[in-house]
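Residue numbers (my numbering): 1 to 327.
We put the CB at the ideal spot given by N, CA and C, even for glycine.
Written as structure tokens, this is what we have:
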């Protein structure tokens, strides 16, 4: 009986110190592996989430601008014809408040009586070009492109209102108005909403870069809209057709476009725009350092060496109404 008791005691004894230490070491290795897998999974989730945000921001930005820019130059039945105040154009209500007046003799929101073509398009690189929009003197990010476009919005409407500018137009006459009713009733005229947009890049209150837009309203160009977060830089190359086949023969930055080309007084037609966006994540990732150099068309962006992920996206926008003055 004594031997049996001793045997039973040995059978139920606890772990030895060596066994306990081995078990602890194995547990530490398992815990370290699980923790490493968790960190890797968390990092992958952050990376994937930021790239999804970047991709979506770029997609939305292009969708907004492409719909707008592709219709550049659409002026109803007057498409392709210049606006000449006092001849075929009347402006009932000049803008008395803030306006965005670009370079050239006739480049305000509404046509004026200067002996020059009314510019439907103009652009420049902020901080680099010698000319700029006075309405954007503050806030625009340095070395980013600014784009100014004007057009009618289709379809035509039954009547205007006092919330914006409209145009009553035939194939030979146009009246710009904003009080709901034009000063004269043109025979067989249609009424169109008139649009003047300026796209630019600035920062929001938290320092995040944003694609923004100024829009013409009844109070002028004082209405600013912040459209898409994370758009850090915009580069635009203008595609001109030199031989009449409606295909761009060359793309050039705004500084290479001459005054004659902006005013459509040369033989070239503007038929397309090639746009590049540098999109940045909204939040930094301290585990990541961005040492990548980016190419936006003809422009190089040096490595930022910060903690934000970025991506370049591009698109070519073909104009449905190539800028062409028939007269």
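Neighbour-count burial assignment, residue i, 16 or more Cβ in a 10 Å radius
| i | result |
| --- | --- |
| residue 138 | exposed |
| residue 151 | buried |
| residue 26 | exposed |
| residue 246 | exposed |
| residue 30 | exposed |
| residue 131 | exposed |
| residue 28 | exposed |
| residue 180 | exposed |
| residue 34 | exposed |
| residue 264 | buried |
| residue 94 | exposed |
| residue 75 | buried |
| residue 109 | buried |
| residue 73 | buried |
| residue 140 | buried |
| residue 148 | buried |
Nearest neighbour of residue i, chosen from the options [CA to CA]
| i | options | result |
| --- | --- | --- |
| residue 171 | 262, 16, 162, 191 | 191 |
| residue 368 | 99, 128, 220 | No information on residue 368 is available, as it lies outside the stretch 1 to 327 that the chain covers here. |
| residue 98 | 91, 134, 82 | 134 |
| residue 183 | 90, 306, 240 | 90 |
| residue 156 | 121, 131, 296, 195 | 195 |
| residue 129 | 254, 57, 101 | 254 |
| residue 300 | 292, 307, 306 | 292 |
| residue 266 | 244, 166, 63 | 244 |
| residue 288 | 304, 313, 295 | 304 |
Proximal residues to residue i (C-beta, below 6 Å), its chain only, five neighbours per side dropped
| i | result |
| --- | --- |
| residue 106 | 112, 114, 116, 118 |
| residue 229 | 208, 210, 282 |
| residue 317 | 66, 69, 70, 273 |
| residue 144 | 126, 201, 233, 234 |
| residue 50 | 281, 309 |
| residue 275 | 236, 315 |
| residue 167 | 174, 176, 192, 194 |
Run of the alpha helix (DSSP H) containing residue i, from where it starts to where it stops
| i | result |
| --- | --- |
| residue 259 | 259-262 |
Contact set for residue i: own chain, Cβ-Cβ below 7 Å, skip 5 residues either direction
| i | result |
| --- | --- |
| residue 224 | 212, 214 |
| residue 83 | 89, 111, 118, 174 |
| residue 86 | 113 |
Limits of the unbroken beta strand (DSSP E) element including residue i
| i | result |
| --- | --- |
| residue 194 | 190-203 |
| residue 137 | That residue, residue 137, is in no beta strand (DSSP E); it is neither H nor E in DSSP. |
| residue 270 | 269-280 |
| residue 416 | Since the displayed the chain opens at 1 and closes at 327, residue 416 lies outside it and no answer follows. |
| residue 211 | 209-217 |
| residue 89 | 89-91 |
| residue 373 | As displayed, the chain neither begins before 1 nor continues past 327, which places residue 373 out of reach and without an answer. |
| residue 301 | 299-301 |
| residue 96 | Where residue 96 is concerned, there is no enclosing beta strand (DSSP E), given that its DSSP letter is neither H nor E. |
| residue 108 | Note, residue 108: premise wrong, no beta strand (DSSP E); not H, not E. |
| residue 175 | 174-177 |
Simplified DSSP assignment, three categories, for residue i
| i | result |
| --- | --- |
| residue 250 | strand |
| residue 156 | strand |
| residue 292 | coil |
| residue 1 | With a pLDDT of only 49 at residue 1, under the threshold of 50, the placement of this residue in the model should not be trusted, and no figure is reported. |
| residue 326 | Because residue 326 carries a pLDDT of 41, less than 50, the predicted location of this residue cannot be relied on, and the following value inherits that uncertainty. Coil at residue 326, not helix or strand. |
| residue 316 | strand |
| residue 26 | helix |
| residue 120 | coil |
| residue 75 | coil |
| residue 352 | Residue numbering for the chain in the displayed model covers 1 to 327; residue 352 lies beyond these limits and cannot be assessed. |
| residue 355 | Nothing can be reported for residue 355: it is not among the residues displayed for the chain, which extend from 1 to 327. |
| residue 84 | coil |
| residue 310 | strand |
| residue 56 | helix |
| residue 125 | strand |
Sequence-distant residues of its chain with Cβ nearer than 8 Å to residue i (five each side left out)
| i | result |
| --- | --- |
| residue 96 | 220 |
| residue 54 | 230, 279, 280, 281, 309, 310, 311 |
| residue 136 | 100, 126, 146, 198, 200, 214 |
| residue 1 | Reliability fails at residue 1, whose pLDDT of 49 lies under 50, so the model's placement of it is uncertain and no value is given. |
| residue 187 | 170 |
heavy atom of the ligand ATP below 6 Å from residue i C-beta
| i | result |
| --- | --- |
| residue 96 | No copy of the ligand ATP occurs in the structure displayed, which carries no ligand at all. |
Cβ of residue i within 7 Å of any chain D Cβ
| i | result |
| --- | --- |
| residue 50 | Here there is only one protein chain, and chain D is not present. |
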